[in-house]
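For the sequence shown, the residue numbers in our numbering are 62 to 206. Idealized CB from N, CA, C, for every residue including glycine. Notes follow the structure.
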Amino acid sequence: MTTIIRKLIGVVQVAGGFWGLFELLGRAVQVRQPVWLVLLLAGSALFFMTLQAGIWLILGDERGVRWSRWLQLMQIPILGTPWLSYGWHAGAVAAVGFAPDGHWSFGYRVPDTTWQLYVGGPSHWFVGLDILAIVFFLLLQITRR
């Protein structure tokens, strides 16, 4: 069962890492501002690490479990403020979000990749959690050797 869980998570990570890597590298070719280029290259590095960790998970390498846990932790928070926005997921997302005015939302997308890190953002506050990343993290934690 442990092997199956790890391989399924690995497949999602490989697909999301591959898709996100090429999507961001494609955008980086078109960007002319150095700040945005650096942010796109940082996102590309994260997607590459996700791709590599997924390959290690599929192959049964213990490094894949360690890397994947950290990468899943990085995908859990979603933040939107007037000063800073952050959100990242590779492969799929199932997220719940909350706004200070009492509104909440739930959404999912499979397949999907997102890389969002920039100063500035929406005019209202928004905080969310990627439930799928939490589930993947917990599954990787439970199946540790």
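The beta carbon of Leu118 sits closer than 8 Å to the beta carbons of Arg67, Lys68, Ile70, Gly71, Gln74, Gly125, Val126 and Ser129 from its chain, once the five residues preceding and following it are set aside; these are given in chain order.
DSSP places Trp144 outside both helix and strand once states are collapsed to three, so it counts as coil. Looking at Val90, Gly115 and Leu145, the one whose alpha-carbon comes closest to that of Gln133 is Gly115.
Spatial neighbours of Ser184 in its own chain (CB-CB distance under 7 Å, excluding positions within 5 residues in sequence) are listed in chain order as Pro143. Within 10 angstroms of the beta-carbon of Trp149 lie 16 or more other beta-carbons, which makes it buried. The alpha carbon of Gly181 has as its nearest neighbour, out of Ser166, Ala153, Gly87 and Tyr147, the alpha carbon of Tyr147.
Under the three-state reduction of DSSP output, Gln136 falls in the helix class. Within the region 63-96, the complete alpha helix (DSSP H) segments of 4 residues or longer fall at 63-91, listed in chain order. Assignment of Ser184 by DSSP, reduced to helix, strand and coil, places it in the coil class.
Runs of the alpha helix (DSSP H) lying entirely within the region 101-134 and spanning at least 4 residues: none are present.
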